[in-house]
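Chains as they are written, first to last, in the numbering used here: chain A, 1 to 337; chain B, 338 to 674. The structure under discussion appears below in the form of C-alpha cells.
There are 2 protein chains.
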Amino acid sequence: MSKITIKTLAKELKLSVSTVSKAMRDSHEISQETKLRVNELAKKLNYVINPYASSLGSKTSKTIGVVIPEVVDSFFALAINGIESVAQENGYHVLIYLTHESREKEQNILMDFESGRVDGVLMSVSRDTQDHLYIDELMQAGLPFVFFDRVFDDVETSQITTNDYESAYLATKHLLEHGCKEIMFLAYSKSLSIASKRLQGYTAALAEQGLVVAQQNVITFDHDFNASYLQLKGRLQEANRSDGVLASVEKLAIPIYQACEELHLSIPGDLQVISFSNLDTAAYLNPPLSTITQPAFEIGKVAATALMTFLKRKDSVQVKEEIVIPSTLVVRKSTKA
Amino acid sequence: MSKITIKTLAKELKLSVSTVSKAMRDSHEISQETKLRVNELAKKLNYVINPYASSLGSKTSKTIGVVIPEVVDSFFALAINGIESVAQENGYHVLIYLTHESREKEQNILMDFESGRVDGVLMSVSRDTQDHLYIDELMQAGLPFVFFDRVFDDVETSQITTNDYESAYLATKHLLEHGCKEIMFLAYSKSLSIASKRLQGYTAALAEQGLVVAQQNVITFDHDFNASYLQLKGRLQEANRSDGVLASVEKLAIPIYQACEELHLSIPGDLQVISFSNLDTAAYLNPPLSTITQPAFEIGKVAATALMTFLKRKDSVQVKEEIVIPSTLVVRKSTKA
Numbered sequence: 001m002s003k004i005t006i007k008t009l010a011k012e013l014k015l016s017v018s019t020v021s022k023a024m025r026d027s028h029e030i031s032q033e034t035k036l037r038v039n040e041l042a043k044k045l046n047y048v049i050n051p052y053a054s055s056l057g058s059k060t061s062k063t064i065g066v067v068i069p070e071v072v073d074s075f076f077a078l079a080i081n082g083i084e085s086v087a088q089e090n091g092y093h094v095l096i097y098l099t100h101e102s103r104e105k106e107q108n109i110l111m112d113f114e115s116g117r118v119d120g121v122l123m124s125v126s127r128d129t130q131d132h133l134y135i136d137e138l139m140q141a142g143l144p145f146v147f148f149d150r151v152f153d154d155v156e157t158s159q160i161t162t163n164d165y166e167s168a169y170l171a172t173k174h175l176l177e178h179g180c181k182e183i184m185f186l187a188y189s190k191s192l193s194i195a196s197k198r199l200q201g202y203t204a205a206l207a208e209q210g211l212v213v214a215q216q217n218v219i220t221f222d223h224d225f226n227a228s229y230l231q232l233k234g235r236l237q238e239a240n241r242s243d244g245v246l247a248s249v250e251k252l253a254i255p256i257y258q259a260c261e262e263l264h265l266s267i268p269g270d271l272q273v274i275s276f277s278n279l280d281t282a283a284y285l286n287p288p289l290s291t292i293t294q295p296a297f298e299i300g301k302v303a304a305t306a307l308m309t310f311l312k313r314k315d316s317v318q319v320k321e322e323i324v325i326p327s328t329l330v331v332r333k334s335t336k337a
Numbered sequence: 338m339s340k341i342t343i344k345t346l347a348k349e350l351k352l353s354v355s356t357v358s359k360a361m362r363d364s365h366e367i368s369q370e371t372k373l374r375v376n377e378l379a380k381k382l383n384y385v386i387n388p389y390a391s392s393l394g395s396k397t398s399k400t401i402g403v404v405i406p407e408v409v410d411s412f413f414a415l416a417i418n419g420i421e422s423v424a425q426e427n428g429y430h431v432l433i434y435l436t437h438e439s440r441e442k443e444q445n446i447l448m449d450f451e452s453g454r455v456d457g458v459l460m461s462v463s464r465d466t467q468d469h470l471y472i473d474e475l476m477q478a479g480l481p482f483v484f485f486d487r488v489f490d491d492v493e494t495s496q497i498t499t500n501d502y503e504s505a506y507l508a509t510k511h512l513l514e515h516g517c518k519e520i521m522f523l524a525y526s527k528s529l530s531i532a533s534k535r536l537q538g539y540t541a542a543l544a545e546q547g548l549v550v551a552q553q554n555v556i557t558f559d560h561d562f563n564a565s566y567l568q569l570k571g572r573l574q575e576a577n578r579s580d581g582v583l584a585s586v587e588k589l590a591i592p593i594y595q596a597c598e599e600l601h602l603s604i605p606g607d608l609q610v611i612s613f614s615n616l617d618t619a620a621y622l623n624p625p626l627s628t629i630t631q632p633a634f635e636i637g638k639v640a641a642t643a644l645m646t647f648l649k650r651k652d653s654v655q656v657k658e659e660i661v662i663p664s665t666l667v668v669r670k671s672t673k674a
C-alpha cells in the first residue's frame with residue numbers, strides 16, 4: 001500500500017491540499033463541517049498529523065530541515081556550517097537529510113515533512129529531480145521552502161545561488177586567453193539549474209571567439225561514472241585532443257588529475273584545468289588547481305537567514321527572491337597564468 | 338528557566354530515570370500509582386513526551402540520529418554514507434546532528450532525543466565532552482546508543498573503532514625506519530579516545546627505539562588553532578628541528594604542507610609527513626601524502642548494523658561489544674619510501 005499523504009486526502013475529498021492542511025490544524029478559515037470530513041477520512045485511512053512536533057506551518061518544532069544531495073563535497077559541507085551558524089543564533093535545530101542524488105529518496109524525505117517534523121526546509125535539488133509538484137503542494141500546505149545552489153527557477157520563494165553563468169564564462173575565457181583551442185566541459189547532470197547555467201556560460205565564452213560547442217567536448221558524468229571517465233580519457237588521446245577543461249563540480253577535478261597521470265600528460269603543459277571547487281587542498285595539489293571558489297558558507301548563511309526571516313513574519317506567503325553571491329576565480333598553476 | 342528533562346522529573350519524584358520513562362510509556366512493569374504521580378508532575382511542569390513520533394525505547398519513529406562533530410571531514414562524510422546504506426535497507430530515516438566539537442551543543446541535541454524523536458543513536462563524541470552521565474540516563478530510559486570512532490570505553494554498548502593504537506605505532510615506526518629522529522605528533526584533543534590511543538601508539542614506537550616523548554614534539558590543536566600553528570612552525574625552525582610528523586587527524590595535514598611552503602622546507606627532504614586521512618586528494622598532493630586510511634564507510638556500516646540488530650531484538654539490554662576494523666598505512670611520497 002502506498003503511503004497516505006495529505007494529497008491523498010485532498011484528492012479523495014475533492015478539496016485543495018491547503019484546505020485539508022488548514023482543517024487538520026483546526027484553522028478558523030475552515031468550516032466545522034469540512035474539518036469533520038477531513039478528520040473522519042484521516043482517521044479512516046490512519047493518517048496522523050503530528051500535533052506535538054508542530055503542524056505544517058504552525059512553526060513550533062523549532063527545527064529546520066536541510067535537504068541536500070550529499071556531504072562528501074566541500075561545498076555542501078561548508079554550506080551546512082553556514083546554515084547552522086544562523087539556525088543556532090535563532091534557537092533552531094538543524095536536521096540534515098541526504099538524497100544521494102535520488103529523486104525517490106528526496107520524495108520520501110519530503111513526505112516525512114508532512115507530519116510536521118520541521119518548520120521550514122532549505123533545499124538543494126537532487127540530480128535526478130526534474131519537477132517540483134510535490135514541493136508546491138507542501139508549500140501550499142504552509143511549509144516554507146528556500147532553495148540554494150541547485151534551485152527551481154520557477155518556484156515562488158527565496159533562491160540563493162552563485163553567479164554560475166558568469167563564473168563558467170570567465171573560467172572558459174581564462175582558458176581561451178591562455179591558448180586553449182579544444183576546451184572540454186565536464187557536467188554532472190543535464191537538467192540541474194547549475195549545470196545548464198554553467199554550460200551556457202561556457203558556450204557564451206566560446207561563441208565570443210566564433211567557436212561552437214563540439215559535442216565530444218561536453219562529457220556528462222551522470223549514471224555510469226566509469227563510462228564517462230573512459231570517455232574523458234578517450235578525448236585526451238585523440239589526434240585533436242583537448243587542451244583545456246572546465247569541471248563544473250568539485251568531484252570531477254580529481255578524475256582529471258588521475259586521467260592525466262595515467263596518460264602521462266602534464267598539467268598545464270598538455271591540459272589546462274579549472275574546476276568549480278571548495279577543496280581546501282586545491283592549493284597543495286600537484287600542480288595547484290585553479291578553482292572557481294564558491295561562497296559556500298555565505299550561501300548557507302544567507303539561505304538560512306531568508307528562511308528565519310520568513311518564519312518570524314506573521315503573514316505566510318512566500319515571494320520569489322533571487323540572491324546571487326558571486327564566486328571567485330582563483331588562478332593557480334593548473335592553468336598557464 | 339532551564340528545560341525540563343526526564344531527569345528533572347526523576348529527581349523531583351525520587352524515582353530512577355528508567356522508572357519515569359517506563360511510567361510515561363505506560364509500561365506494565367510500573368504501578369498505576371507511580372504512573373499517576375509521574376503524569377501529574379509531567380503535566381504540572383509542562384513536560385511532553387511525544388506519543389506520535391515514538392517514545393523512548395518504543396521503536397516506532399523508524400528514525401535514527403547520527404551525532405557527530407562535523408561534516409567538513411572525509412572520515413565523517415564517508416561514515417555517514419556507510420550508515421545510510423544500512424539504514425535505508427532497513428527502512429530507517431537518518432537524521433544528522435552536528436556538535437561542532439561543543440559539549441553544550443551535544444547536550445542540547447541529546448536533550449532533544451528525550452521527546453522520542455529517534456529510535457536509536459549513532460554517536461562519535463565531541464572534543465569537549467569528557468563524561469557520559471547524560472548518555473547513561475538516556476540509555477537507562479531505553480534509548481539505545483552505539484559509538485563509533487570517538488567512543489567512551491566504559492559505556493556498556495557496541496563500540497566500533499579502527500586500530501588507533503597500532504596504526505599510530507606503525508606510522509611512527511615507518512618514520513623512524515626512514516631516518517626520522519625528531520618526530521612530532523599533532524593531536525586534536527587531550528581527552529578523546531582516539532587521541533590518547535594514537536598518542537600511546539606513537540609513544541610505544543619511540544620507546545622501542547629507546548626514545549622518550551619530548552614535550553615540544555607533541556602539539557595539540559585544540560582551542561586556539563593559530564597559536565598551535567605558530568608552535569608547529571616554531572618547531573620547524575629550531576636548531577634541532579623536527580624531521581618527521583604524524584598528524585592524528587585529517588584536518589592537520591594541510592597546515593603541515595602550508596608551514597613547509599612558508600618556511601621553504603621540502604617534504605620529504607626536510608620533513609617526512611604521515612596523516613590519518615581519508616582525503617581522496619591525498620594521492621594528488623605535492624608531494625602525494627602518505628596516509629593512514631581509515632575504513633570510514635565500513636565503520637559507519639558496521640555501527641549502523643549493530644544498532645539495527647539491537648532495535649530488532651525483543652529484549653532491551655545493551656551489552657559491551659568492541660569491534661575494531663583495521664586501517665591501512667598507504668605509503669606515498671611524503672615519506673622516504
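C-beta atoms are modelled at their ideal positions from N, C-alpha and C, and glycine is treated no differently. Note that the coordinates shown come from a computational prediction; the quantities given were computed from them, not determined experimentally.
With a cut-off of 8 Å, does the C-beta of residue i fall near any C-beta of chain A?
| i | result |
| --- | --- |
| B:Ile-343 | no |
| B:Ile-611 | no |
| B:Glu-421 | yes |
| B:Val-409 | yes |
What is the C-beta distance between residue i and residue j, in whole angstroms, given that I count them as a contact (C-beta under 8 Å)?
| i | j | result |
| --- | --- | --- |
| A:Leu-285 | B:Asn-623 | 6 Å |
| A:Asp-164 | A:Ile-194 | 5 Å |
| A:Val-17 | A:Glu-106 | Incorrect: roughly 18 Å between the Cβ atoms, too far for contact. |
Establish whether the CB of residue i and some CB of chain B are separated by less than 8 Å.
| i | result |
| --- | --- |
| A:Asp-280 | yes |
| A:Ala-141 | no |
| A:Tyr-92 | no |
| A:Asn-81 | yes |
| A:Tyr-188 | no |
| A:Ile-96 | yes |
| A:Tyr-134 | no |
| A:Tyr-257 | yes |
| A:Ala-77 | yes |
| A:Leu-36 | no |
Helix, strand or coil: how does DSSP classify residue i here?
| i | result |
| --- | --- |
| A:Ala-247 | strand |
| B:Lys-351 | coil |
| B:Glu-658 | strand |
| B:Val-455 | coil |
| B:Tyr-566 | helix |
| A:Ser-74 | helix |
| A:Phe-147 | strand |
| A:His-178 | coil |
| B:Phe-647 | helix |
| B:Ser-358 | helix |
| B:Pro-625 | coil |
| B:Tyr-434 | strand |
Compute the minimum distance between the beta carbon of residue i and the heavy atoms of the ligand GDP, and state whether it is under 7 Å.
| i | result |
| --- | --- |
| A:Ala-77 | For the structure depicted, the ligand GDP is absent and the ligand set is empty, with no information on it obtainable. |
So, using beta-carbon positions, are residue i and residue j closer together than 8 Å?
| i | j | result |
| --- | --- | --- |
| B:Gly-606 | B:Cys-517 | no |
| B:Ala-633 | B:Gly-419 | yes |
| A:Ile-292 | A:Ile-274 | yes |
| B:Thr-494 | B:Phe-484 | yes |
| A:Ile-96 | A:Ile-80 | yes |
| A:Val-151 | A:Gln-140 | no |
| A:Ser-290 | A:Thr-335 | yes |
| B:Leu-346 | B:Leu-373 | no |
| A:Asn-5 | A:Glu-104 | One detail in the question is off: residue 5 of chain A reads as Thr in this sequence, not Asn. It is not a contact, given that the beta carbons lie outside the stated cut-off. |
| B:Glu-503 | B:Gly-538 | yes |
| A:Gly-120 | A:Leu-307 | yes |
Using the beta-carbon count (16 or more within 10 Å), is residue i buried or exposed?
| i | result |
| --- | --- |
| B:Phe-482 | buried |
| A:Thr-328 | exposed |
| A:Arg-127 | buried |
| A:Thr-309 | exposed |
| B:Gln-574 | exposed |
| A:Arg-313 | exposed |
| B:Leu-536 | buried |
| A:Ser-248 | buried |
| A:Asp-112 | buried |
| A:His-93 | buried |
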